[in-house]
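Undergrad: Please see the structure below; I have some questions.
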Amino acid sequence: MAAETYHYLFGPVSSRRLGRSLGVDIVPMKTCTQNCLYCQLGRDAELTLERKVYVPTEAVLDEVQRRIGEGLQADYITFSGSGETTLHSELGAMLDGVKALTDIPTAVITNGTLLFRPDVRRDCAKADVVMPSLDAGDEATFQRLNKPHPDLDFQTFVEGLRQFRDEYAGHIWLEVFFCAGINTDDDNIRNIGRLVETIRPDKIQLNTAVRPTTDAGAVLVPLAHLQEIARKLHPKAEIIADFGRHTAVPSRQIRESDIIDIIGRHPCSLEDICKGLSADPDQIRPLIESLLRAGNITAETRNGKDYFKTA
Ligand code: SF4
Numbered sequence: 017m018a019a020e021t022y023h024y025l026f027g028p029v030s031s032r033r034l035g036r037s038l039g040v041d042i043v044p045m046k047t048c049t050q051n052c053l054y055c056q057l058g059r060d061a062e063l064t065l066e067r068k069v070y071v072p073t074e075a076v077l078d079e080v081q082r083r084i085g086e087g088l089q090a091d092y093i094t095f096s097g098s099g100e101t102t103l104h105s106e107l108g109a110m111l112d113g114v115k116a117l118t119d120i121p122t123a124v125i126t127n128g129t130l131l132f133r134p135d136v137r138r139d140c141a142k143a144d145v146v147m148p149s150l151d152a153g154d155e156a157t158f159q160r161l162n163k164p165h166p167d168l169d170f171q172t173f174v175e176g177l178r179q180f181r182d183e184y185a186g187h188i189w190l191e192v193f194f195c196a197g198i199n200t201d202d203d204n205i206r207n208i209g210r211l212v213e214t215i216r217p218d219k220i221q222l223n224t225a226v227r228p229t230t231d232a233g234a235v236l237v238p239l240a241h242l243q244e245i246a247r248k249l250h251p252k253a254e255i256i257a258d259f260g261r262h263t264a265v266p267s268r269q270i271r272e273s274d275i276i277d278i279i280g281r282h283p284c285s286l287e288d289i290c291k292g293l294s295a296d297p298d299q300i301r302p303l304i305e306s307l308l309r310a311g312n313i314t315a316e317t318r319n320g321k322d323y324f325k326t327a
């Protein structure tokens, strides 16, 4: 029987934060409330604050149901992908729909900028884990690093995060993305630390630009420096940036389409692909070479490592 194809699902991929995670992508490519310097989805965001039905909810839930019927093994079903998930006005209905289909916990990855809206907080509260971002300690850094929609401001954004914490009993895992020379100064670290105290996330996860980004301004913070930042920032801060740790478990027949599926979301190294597909590098290398030869993917070197993306 031909393999099922999915428009809104990807993976499951092995994720550092979520284990085996089935991705659900519910907004068109790079439709977002921000245009972050470190974004891996391309330079120009379709900047919007408009909540609407970007993709049909029923079609998304049909796919999730089909995928479960195929024997889905996943630790989380995660709403994430090509832009800002909370822009979809039926996110809450989708989370309800997934809950009705399976006991697999749900997660929402969001930049958090719309949490000032009660309807967005209500929707996100239906997830088991919500993973917002906070990369700046002040308005100027927020503008420089996250390049938000002109109608967004830093105070309202932070207040939304606090309000969500007050209302939500589930897990909040806050990601802080550091770019060298932009938010790595002591003032930003101190201010982010103070804000974190008021937002009270369950986890504080530090990341940096280990993968290629479209803007050269997003520069990687070396591991030793990130460790120092973690110490200064908060006792609970942990580093999730992947500086090359590798946990492959050879498992199944991998196809070129599996690789395209993973790197279509963001540029990936050989290690990322191996981890995402729980595969051995020896399985993946020939497929990458074949895709490169066919011109289906391209390679770019960053910090001494090759990253692959769709052509
Ligand atoms: S919030 Fe995410 S999708 Fe939006 S621009 Fe920033 S990194 Fe890209």
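The opening residue of the sequence shown carries number 17 in my numbering; numbering runs sequentially from there.
Quick reminder that beta carbons are idealized off the backbone N, C-alpha and C, glycines included.
If you run the structure through DSSP and keep just helix, strand and coil, what is T101?
TA: Locating residue 101 in the sequence shown gives position 85, where the first residue counts as 1. It is helical.
Undergrad: Cβ of G280 within 7 Å of any heavy atom in the ligand SF4?
TA: As a working mapping, residue 280 is identified with position 264 in the sequence shown. No, Cβ of G280 sits at least 7 Å from all heavy atoms of the ligand SF4.
Undergrad: When you compare each of L111, Y184, N204, E183 to V192 by their alpha carbons, which one comes out closest?
TA: Numbered from 1 along the sequence shown, position 176 holds the residue referred to as residue 192. Closest by alpha carbon: N204.
Undergrad: Quick check on DSSP: helix, strand or coil for M147?
TA: Taking the first residue of the sequence shown as position 1, residue 147 is located at position 131. Strand, per DSSP.
Undergrad: Count the other CB atoms, across all protein chains shown, that sit within 10 Å of the CB of K252; report buried if there are 16 or more and exposed otherwise.
TA: Numbered from its first residue, the sequence shown carries residue 252 at position 236. Looking at its Cβ environment, which holds fewer than 16 other Cβ atoms inside 10 Å, K252 is exposed.
Undergrad: Helix, strand or coil: how does DSSP classify V192 here?
TA: For the purposes of this step, residue 192 is taken as residue 176 along the sequence shown, with counting starting at 1. Strand, per DSSP.
Undergrad: Measuring straight from C-alpha to C-alpha, what distance separates N319 and S37?
TA: For the purposes of this step, residue 319 is identified with residue 303 of the sequence shown, where counting begins at 1. For the purposes of this step, residue 37 is identified with residue 21 of the sequence shown, where counting begins at 1. Each residue's alpha carbon lies about 27 Å from the other.
Undergrad: For the segment 307 to 322 against the segment 224 to 239, are there 3 or more C-beta pairs whose distance is under 8 Å?
TA: Yes, the segment 307 to 322 is in contact with the segment 224 to 239.
Undergrad: Which of the three DSSP states is assigned to F324 in this structure?
TA: By 1-based counting over the sequence shown, the position of residue 324 is 308. The answer is strand: DSSP assigns F324 an E or B state.
Undergrad: Mapping the DSSP letters down to three states, classify C3 as helix, strand or coil.
TA: Past the boundaries of the shown model lies residue 3; the chain is included only from 17 to 327, so the question cannot be answered.
Undergrad: Which value, in whole angstroms, describes the spacing of the CA atoms of Y323 and R210?
TA: Taking the first residue of the sequence shown as 1, we reach residue 323 at position 307. Taking the first residue of the sequence shown as 1, we reach residue 210 at position 194. Rounded to the nearest angstrom, the two C-alpha atoms are 36 Å apart.
Undergrad: Just to confirm, does G99 get its C-beta within under 7 Å of one of the non-hydrogen atoms of the ligand SF4?
TA: Position 83 of the sequence shown, counted from the start, is the residue given in the question as residue 99. Indeed, a heavy atom of the ligand SF4 lies less than 7 Å from the Cβ.
Undergrad: Nearest to G58 by CA position, among P44, E66, Y70, V71, is which residue?
TA: Translated into the one-based positions of the sequence shown, residue 58 becomes position 42. Here the closest residue by C-alpha is P44.
Undergrad: If you follow the beta strand (DSSP E) that A253 is part of, which residue opens it and which one closes it?
TA: Along the sequence shown, read from residue 1 onward, the residue named residue 253 stands at position 237. From DSSP, the beta strand (DSSP E) with A253 extends over 253 to 255.
Undergrad: Excluding the 5 residues preceding and the 5 following K68 in the sequence, name in chain order all residues of the same chain whose CB lies nearer than 8 Å to its CB.
TA: Within the sequence shown, residue 68 is the residue found at index 52, counting from 1. Only L103, H104, S105 meet the Cβ criterion.
Undergrad: Under 8 Å by Cβ, that's how I've got V114 and I93 pegged, so tell me the actual separation to the nearest angstrom.
TA: Along the sequence shown, read from residue 1 onward, the residue named residue 114 stands at position 98. Along the sequence shown, read from residue 1 onward, the residue named residue 93 stands at position 77. The Cβ separation is near 5 Å, so the contact holds.
Undergrad: How big is the Cα-Cα spacing for N51 and L130?
TA: As a first step, residue 51 must be located in the sequence shown, where it is residue number 35. As a first step, residue 130 must be located in the sequence shown, where it is residue number 114. Distance between the alpha carbons of N51 and L130: 14 Å.
Undergrad: For R33 and I256, what's the separation of their Cα atoms in angstroms?
TA: Counted from its first residue, the sequence shown places residue 33 at position 17. Counted from its first residue, the sequence shown places residue 256 at position 240. Cα to Cα, R33 sits roughly 7 Å from I256.
Undergrad: Based on the DSSP secondary-structure assignment, which residues constitute the bridge partners of F95?
TA: Counting from 1 along the sequence shown, the entry for residue 95 is found at position 79. Partner(s): V40, V124.
Undergrad: What three-state label does DSSP hand L65 in the structure shown?
TA: Residue numbering aside, residue 65 sits at position 49 when the sequence shown is read from its first letter. Coil, per DSSP.
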